[in-house]
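Right, one structure below, let's go through it.
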Amino acid sequence: MESWKKLNDSTYLGKSYQLSGLDTLSAEDVRLEEHHGNLYYIPTVKNQNDGKPVIFTMTTVSADGFVFENPEHDFPQKITYNRMSKDSVAAEISGTYKRKQRAIKFPMGRVK
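Written out as C-alpha coordinates, the structure is:
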(Lines of atoms letter the chains of each structure in order from A and count residues from 1; the text may use other names and numbers.)
(Lines give C-alpha, C1' and ligand atoms only; values in the text may rest on other atoms or scores of the structure.)
Protein backbone atom coordinates (compact mmCIF):
# COMPACT_ATOMS: atom_id res chain seq x y z
CA MET A 1 0.00 0.00 0.00
CA GLU A 2 1.22 3.49 -0.79
CA SER A 3 -0.09 6.93 0.00
CA TRP A 4 1.23 10.20 -1.44
CA LYS A 5 0.81 13.91 -0.80
CA LYS A 6 2.17 16.90 -2.70
CA LEU A 7 4.63 18.97 -0.65
CA ASN A 8 5.36 21.57 -3.36
CA ASP A 9 5.81 21.86 -7.14
CA SER A 10 8.88 19.61 -7.14
CA THR A 11 8.34 17.18 -4.24
CA TYR A 12 5.86 14.50 -3.25
CA LEU A 13 6.05 12.68 0.09
CA GLY A 14 4.99 9.06 0.28
CA LYS A 15 4.54 6.21 2.70
CA SER A 16 4.86 2.65 1.51
CA TYR A 17 3.65 -0.30 3.58
CA GLN A 18 3.66 -4.03 3.07
CA LEU A 19 0.74 -5.53 4.97
CA SER A 20 -0.29 -9.06 5.91
CA GLY A 21 -3.77 -8.97 7.36
CA LEU A 22 -3.62 -6.33 10.08
CA ASP A 23 0.16 -6.63 10.52
CA THR A 24 2.64 -4.21 8.94
CA LEU A 25 5.56 -6.28 7.59
CA SER A 26 7.60 -3.32 6.39
CA ALA A 27 7.30 0.44 6.00
CA GLU A 28 9.31 3.13 4.28
CA ASP A 29 9.18 6.87 3.79
CA VAL A 30 9.63 8.01 0.20
CA ARG A 31 10.39 11.36 -1.43
CA LEU A 32 9.77 11.86 -5.12
CA GLU A 33 11.80 14.93 -6.13
CA GLU A 34 12.48 16.80 -9.33
CA HIS A 35 15.79 18.65 -9.66
CA HIS A 36 17.07 20.29 -12.86
CA GLY A 37 14.80 18.18 -15.07
CA ASN A 38 15.63 14.85 -13.39
CA LEU A 39 13.23 12.86 -11.20
CA TYR A 40 14.46 10.97 -8.13
CA TYR A 41 12.80 8.29 -6.00
CA ILE A 42 14.34 8.48 -2.51
CA PRO A 43 13.22 5.84 0.01
CA THR A 44 14.30 5.72 3.65
CA VAL A 45 13.77 2.46 5.53
CA LYS A 46 14.34 2.15 9.25
CA ASN A 47 16.91 -0.54 10.12
CA GLN A 48 18.28 -0.53 6.55
CA ASN A 49 21.20 1.44 5.09
CA ASP A 50 21.87 2.90 8.56
CA GLY A 51 18.52 4.72 8.27
CA LYS A 52 19.90 6.87 5.43
CA PRO A 53 17.96 7.58 2.23
CA VAL A 54 18.90 5.83 -1.03
CA ILE A 55 18.64 7.80 -4.27
CA PHE A 56 17.22 6.17 -7.41
CA THR A 57 17.23 8.14 -10.68
CA MET A 58 14.40 7.85 -13.20
CA THR A 59 15.82 6.18 -16.31
CA THR A 60 12.66 5.35 -18.27
CA VAL A 61 9.21 6.89 -18.56
CA SER A 62 6.30 5.85 -20.78
CA ALA A 63 2.52 6.19 -20.87
CA ASP A 64 2.23 2.99 -18.85
CA GLY A 65 4.98 3.37 -16.28
CA PHE A 66 8.41 4.43 -15.20
CA VAL A 67 11.69 2.99 -13.93
CA PHE A 68 14.11 4.28 -11.29
CA GLU A 69 17.62 2.81 -10.97
CA ASN A 70 20.62 2.86 -8.66
CA PRO A 71 23.16 0.26 -9.87
CA GLU A 72 25.36 0.85 -6.79
CA HIS A 73 22.68 -0.13 -4.26
CA ASP A 74 22.84 -3.64 -2.75
CA PHE A 75 19.16 -4.49 -3.41
CA PRO A 76 17.12 -3.47 -5.24
CA GLN A 77 18.93 -1.77 -8.07
CA LYS A 78 15.72 -1.12 -10.02
CA ILE A 79 12.23 0.07 -9.00
CA THR A 80 9.53 -0.19 -11.66
CA TYR A 81 5.94 1.06 -11.63
CA ASN A 82 3.54 -0.19 -14.32
CA ARG A 83 -0.05 0.96 -14.74
CA MET A 84 -2.25 -2.12 -14.94
CA SER A 85 -5.60 -0.34 -15.24
CA LYS A 86 -7.21 2.99 -14.44
CA ASP A 87 -7.25 2.09 -10.73
CA SER A 88 -4.26 -0.22 -10.27
CA VAL A 89 -0.49 -0.28 -10.59
CA ALA A 90 2.16 -2.89 -10.00
CA ALA A 91 5.43 -1.92 -8.38
CA GLU A 92 8.43 -4.22 -8.75
CA ILE A 93 11.81 -4.13 -7.06
CA SER A 94 14.52 -6.09 -8.82
CA GLY A 95 18.22 -6.63 -9.16
CA THR A 96 21.03 -8.88 -8.03
CA TYR A 97 21.17 -10.08 -4.44
CA LYS A 98 23.83 -12.54 -3.27
CA ARG A 99 24.78 -13.10 -6.93
CA LYS A 100 21.23 -14.11 -7.90
CA GLN A 101 18.67 -12.16 -9.87
CA ARG A 102 15.58 -11.37 -7.82
CA ALA A 103 12.32 -9.59 -8.51
CA ILE A 104 9.46 -8.93 -6.09
CA LYS A 105 6.10 -7.57 -7.31
CA PHE A 106 3.68 -5.47 -5.31
CA PRO A 107 0.27 -5.14 -7.00
CA MET A 108 -1.75 -2.17 -5.73
CA GLY A 109 -5.23 -0.80 -6.32
CA ARG A 110 -6.79 2.57 -5.61
CA VAL A 111 -8.61 2.79 -2.29
CA LYS A 112 -11.84 4.73 -2.59
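Residue numbers for the sequence shown follow the UniProt record's numbering, so the first one is 1 and each next one is one higher. Beta carbons: idealized from backbone N, C-alpha and C, even for Gly.
I need the boundaries of the beta strand (DSSP E) containing residue 69, first residue and last residue. As a working note, residue 69 is residue 69 in the sequence shown. First-last of the beta strand (DSSP E) with residue 69: 65-69.
Residue range of the beta strand (DSSP E) that includes residue 101: For the purposes of this step, residue 101 is identified with residue 101 of the sequence shown, where counting begins at 1. Here the beta strand (DSSP E) through residue 101 covers 100-109.
Given a cut-off of 9 Å on the beta-carbon distance, is the pair residue 12 and residue 28 in contact? By 1-based counting over the sequence shown, the position of residue 12 is 12. By 1-based counting over the sequence shown, the position of residue 28 is 28. No; because the gap between Cβ atoms is not below 9 Å, this pair is not in contact.
Could you tell me which of 58, 88, 84 sits nearest to residue 77, measuring between CA atoms? Mapped onto the sequence shown, residue 77 falls at position 77. The shortest C-alpha separation from residue 77 is found at 58.
Return the CA-CA distance between residue 47 and residue 26, expressed in angstroms with no decimal places. As a first step, residue 47 must be located in the sequence shown, where it is residue number 47. As a first step, residue 26 must be located in the sequence shown, where it is residue number 26. If you take the alpha carbons of residue 47 and residue 26, they lie about 10 Å apart.
Using C-beta distances below 8 Å, list every residue in its chain close to residue 3, excluding the 5 sequence neighbours before and after it, in chain order. Translated into positions along the sequence shown, residue 3 becomes position 3. Excluding positions up to five away in sequence, the list reads 14, 15.
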